[in-house]
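Take a look at the structure set out below.
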Amino acid sequence: MTAVPGDFHRFQSVFESVDRDHDGYITAAELLTALDRLGRPAPSGGAEELMRAYDADHSGNIDFEEFTALLAGSPDAAAGRPQSREHTAGTHRG
Ligand SMILES: [Ca+2]
Ligand SMILES: [Ca+2]
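Each residue of the sequence shown is one higher than the last, beginning at 3 in the numbering used here.
Next comes the structure, spelled out in structure tokens:
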């Protein structure tokens, strides 16, 4: 269960609007701006707290994947594999 498609597009548009240099990453400060635009409360720990929690690859900035994970309220989604839908276990012989 992740964000619904409508929200996804909204997140994307906000992300792009705060990503001033359009490199696909936003800084901690830009992240706070994005949260504000989405009407999300900023954490008491501020941007640094957010980065600690959601900068899954410790790159020092937030990419869109980390951003959506943050909004979905699930840091694990960024740290783990959001799109790992390959073969699941099953008996298959041939
Ligand atoms: Ca940027
Ligand atoms: Ca990152």
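All C-beta atoms, glycine included, are put in the ideal place defined by N, C-alpha and C. It should be emphasised that the depicted structure is a prediction, and the values quoted were computed from it without experimental measurement.
Straight through space, the alpha carbons of I64 and Q14 are spaced by roughly 13 angstroms. Judged by their CB atoms, V20 and A44 are not nearer to each other than the 8 angstroms cut-off.
For A36, the enclosing alpha helix (DSSP H) starts and ends at 30-39. One residue after another in chain order, those with a Cβ under 5 angstroms from a heavy atom of ligand 1 are D21, D23, D25, Y27. Here A74 is buried. Its C-beta has 16 or more other C-beta atoms within 10 Å. Spatial neighbours of E32 in its own chain (CB-CB distance under 6 angstroms, excluding positions within 5 residues in sequence) are listed in chain order as V20. In the three-state scheme derived from DSSP, where H, G and I count as helix and E and B as strand, D65 is classed as strand. Of M53, G62, L40, A49, the smallest CA-CA separation from R12 is found for L40.
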